[in-house]
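One structure is given below, encoded as structure tokens.
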Amino acid sequence: MGRHAAKEAAQKARREQLSRLRCTRPLTPEERAEEALLERRLAGRLWAREQAETETRIARKLARGDA
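Throughout the sequence shown, residue numbering follows the working numbering, covering 71 to 137 in sequence.
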């Protein structure tokens with residue numbers, strides 16, 4: 071597993087841990103802030119992946135002359 075994949079896996083595990091914790095008790099302000107940060111990071115990664123897919127699709131269309 072690469073460094074980035076390991077980091078993403080650790081963040082996912084922590085998000086899941088906070089989610090389970092939320093079911094048992096209210097999160098502390100620090101935990102809520104950490105949860106929000108992890109969610110923003112996830113959203114950023116998803117956006118970047120979608121952006122890369124869109125750019126690849128556009129590049130293929132331009133290369134074929136479909137634009």
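Glycine included, every Cβ here is placed at the ideal spot set by N, Cα and C.
- Cβ neighbours of arginine 110 within its own chain (closer than 6 Å, five residues either side excluded): none.
- The DSSP-derived three-state label of arginine 130 is helix.
- Put simply, the backbone Cα of methionine 71 is about 21 Å away from that of glutamine 87.
- Residue Leu108 holds the alpha-carbon nearest to the alpha-carbon of glutamate 100 among Ala113, Leu108, Gln121.
- Take the alpha-carbon of glutamate 123 and the one of glycine 135: they are about 18 Å apart.
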